[in-house]
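Each number in our numbering comes from the position in the sequence shown (counting from 1) with 24 added on. Virtual Cβ for every residue (Gly too), placed ideally from N, Cα, C.
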Amino acid sequence: MATQKKTAHTSLPRRHNVYVRASNSTQNLSSQINTFWKSDCPRYRLYVAALVILAAWTTTPSWAQEAPGFYLGSGLGANLAPAVNLAGEDNDHSMGSGCDEFINPNATQYDFCNLGNRGDSWNNRFDGAAGILANAVVGYRLQNRLRLEVEYFYRDSEYDQTDPVLGGGGSIADKLAAELQRAELRVGSITSHNLFGNFYFDFPNRSHFTPYIGLGIGGGFADMDFGALWARNLNPTHITSVEGKFSSDDTEAIQSRLAGTTTSVQTELNDTLLGFQVLFGVSRALTDAVSLDVRGRWTNFSSFHDSGSYERLRSHESNLRVDGSAPVEYQQSTDDTELFGINVAIRYQF
Numbered sequence: 025m026a027t028q029k030k031t032a033h034t035s036l037p038r039r040h041n042v043y044v045r046a047s048n049s050t051q052n053l054s055s056q057i058n059t060f061w062k063s064d065c066p067r068y069r070l071y072v073a074a075l076v077i078l079a080a081w082t083t084t085p086s087w088a089q090e091a092p093g094f095y096l097g098s099g100l101g102a103n104l105a106p107a108v109n110l111a112g113e114d115n116d117h118s119m120g121s122g123c124d125e126f127i128n129p130n131a132t133q134y135d136f137c138n139l140g141n142r143g144d145s146w147n148n149r150f151d152g153a154a155g156i157l158a159n160a161v162v163g164y165r166l167q168n169r170l171r172l173e174v175e176y177f178y179r180d181s182e183y184d185q186t187d188p189v190l191g192g193g194g195s196i197a198d199k200l201a202a203e204l205q206r207a208e209l210r211v212g213s214i215t216s217h218n219l220f221g222n223f224y225f226d227f228p229n230r231s232h233f234t235p236y237i238g239l240g241i242g243g244g245f246a247d248m249d250f251g252a253l254w255a256r257n258l259n260p261t262h263i264t265s266v267e268g269k270f271s272s273d274d275t276e277a278i279q280s281r282l283a284g285t286t287t288s289v290q291t292e293l294n295d296t297l298l299g300f301q302v303l304f305g306v307s308r309a310l311t312d313a314v315s316l317d318v319r320g321r322w323t324n325f326s327s328f329h330d331s332g333s334y335e336r337l338r339s340h341e342s343n344l345r346v347d348g349s350a351p352v353e354y355q356q357s358t359d360d361t362e363l364f365g366i367n368v369a370i371r372y373q374f
């Protein structure tokens, strides 16, 4: 009797009543997946589903053509601007308003009023703000996943806040105690028109989604809606900053003339700022040429500062002398010029 040749089989350990035979060169991936899927173990089904999703993500070819070429884009979004610490100063006389010839006709008779010791300072803090952000770009895609881009973007941060002056130097500190009934600054909106050159790297993958990061340098033309109001007490006896500095007759006359006066300005401050930005985002291919772009940014600019004359200084022109020889000017500045932004854009590649 011929001896029957037995064929050896190799089996995997038993798992939840499922036996899987060792794969040979003739078995394919689909039969293994089918065996797992028909098992009575939910965990195996979860594994299979995850593998299928991963395979679909990594093997789906990108719709967008990544050949070199120019592209255009435009988008709309929002910006978040941080709190602003606004520092101000002017060249008003530091010895007090009694050296103002409009208030004290005898001011030049006092030697200290003819010296160059001029200057007051103050500071304010305004909470953060939000607003719109819109951009337009023209760029060129290189072969090695790099892109070069020129970007214009506009931002409008709506602060719209009026806050009391927090403190100051020179004669301001004395006046804040009782002499000034109102001492407040206002910031409306801060807007800027910006032009940047950006450099991007697109992270390679085989899906419809392309993450990217970038750096940019450029500048902006910034505008700040600014206002200030300093209103003195109507009662002359509360005008104490001039006491002990002038003759008794002049002091009484100065107090009477200063009571109820105001210093005010409402204007638009301007400055040209240099800046840099860090960009990040992801694009989603819609067709061979069109993609949807979600872009975030952090942009930081140089310090903002501008100066000007008061509309009214103690209810008269912005000058210490009747002949106009000692104009009084203020200056406002801030280092808080950064912003965070996010926008959604459409990009078209030629």
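Look at the Cβ atom of residue i, then the Cβ atom of residue j, and state whether they are nearer than 7 Å.
{"i": "residue 436", "j": "residue 355", "result": "Residue 436 lies beyond the stretch modelled for the chain, which goes from 25 to 374, so this question has no answer here."}
{"i": "residue 382", "j": "residue 203", "result": "Absent from the model: residue 382. The displayed extent of the chain is 25 to 374, so no value can be given."}
{"i": "residue 216", "j": "residue 192", "result": "no"}
{"i": "residue 251", "j": "residue 210", "result": "yes"}
{"i": "residue 319", "j": "residue 233", "result": "no"}
{"i": "residue 345", "j": "residue 127", "result": "no"}
{"i": "residue 167", "j": "residue 235", "result": "no"}
{"i": "residue 106", "j": "residue 152", "result": "yes"}
{"i": "residue 160", "j": "residue 178", "result": "no"}
{"i": "residue 220", "j": "residue 175", "result": "yes"}
{"i": "residue 371", "j": "residue 317", "result": "yes"}
{"i": "residue 206", "j": "residue 258", "result": "no"}
{"i": "residue 271", "j": "residue 198", "result": "no"}
{"i": "residue 332", "j": "residue 291", "result": "yes"}
{"i": "residue 96", "j": "residue 162", "result": "yes"}
{"i": "residue 196", "j": "residue 146", "result": "yes"}
{"i": "residue 246", "j": "residue 180", "result": "no"}
Report buried or exposed for residue i, applying the criterion of at least 16 other Cβ atoms within 10 angstroms of its Cβ.
{"i": "residue 365", "result": "buried"}
{"i": "residue 101", "result": "buried"}
{"i": "residue 289", "result": "buried"}
{"i": "residue 138", "result": "exposed"}
{"i": "residue 140", "result": "exposed"}
{"i": "residue 368", "result": "exposed"}
{"i": "residue 373", "result": "buried"}
{"i": "residue 122", "result": "buried"}
{"i": "residue 52", "result": "Bear in mind that a pLDDT of 49 at residue 52, under 50, signals an unreliable position, so the number given afterwards is only what the model happens to contain. With fewer than 16 Cβ atoms within 10 Å of its Cβ, residue 52 is classed as exposed."}
{"i": "residue 94", "result": "exposed"}
{"i": "residue 342", "result": "buried"}
{"i": "residue 241", "result": "exposed"}
{"i": "residue 338", "result": "buried"}
{"i": "residue 18", "result": "In the structure as shown, the chain begins at 25 and stops at 374. Residue 18 is therefore absent and cannot be evaluated."}
{"i": "residue 256", "result": "buried"}
{"i": "residue 327", "result": "exposed"}
{"i": "residue 76", "result": "Caution applies to residue 76, whose pLDDT of 46 falls short of 50 and renders its modelled position unreliable; the value that the coordinates give is listed next. By the neighbour-count rule (16 or more Cβ atoms within 10 Å), residue 76 is not buried but exposed."}
{"i": "residue 363", "result": "buried"}
{"i": "residue 353", "result": "exposed"}
{"i": "residue 165", "result": "buried"}
{"i": "residue 49", "result": "Its pLDDT being 38, under 50, residue 49 is placed unreliably by the model, and nothing is read from it."}
In the DSSP assignment, the beta strand (DSSP E) including residue i goes from what residue to what residue?
{"i": "residue 178", "result": "170-188"}
{"i": "residue 313", "result": "Element bounds for residue 313: n/a, residue is neither H nor E."}
{"i": "residue 335", "result": "Counting along the chain, residue 335 falls outside any beta strand (DSSP E), and DSSP gives it neither H nor E."}
{"i": "residue 350", "result": "Counting along the chain, residue 350 falls outside any beta strand (DSSP E), and DSSP gives it neither H nor E."}
{"i": "residue 127", "result": "Neither: residue 127 is in no beta strand (DSSP E) and is coded neither H nor E."}
{"i": "residue 292", "result": "286-309"}
{"i": "residue 327", "result": "Unbroken run through residue 327: none, as it is neither H nor E."}
{"i": "residue 164", "result": "153-165"}
{"i": "residue 110", "result": "108-117"}
Taking 6 Å as the line, does the beta carbon of residue i fall inside it for any heavy atom of the ligand ZN?
{"i": "residue 349", "result": "As presented, the structure is devoid of all ligands, the ligand ZN included, so that no description of it is given."}
Count the CB pairs spanning the segment 226-243 and the segment 274-284 that are closer than 8 Å, and state whether there are at least three.
-> Output reads no: the segment 274-284 does not touch the segment 226-243.
Which runs of the beta strand (DSSP E), 3 residues or longer, sit entirely within the segment 198-279?
-> 204-226, 233-256
Spell out a yes or no on whether the segment 320-336 and the segment 282-302 are touching, meaning 3 or more CB-CB pairs, one atom from each, closer than 8 Å.
-> yes
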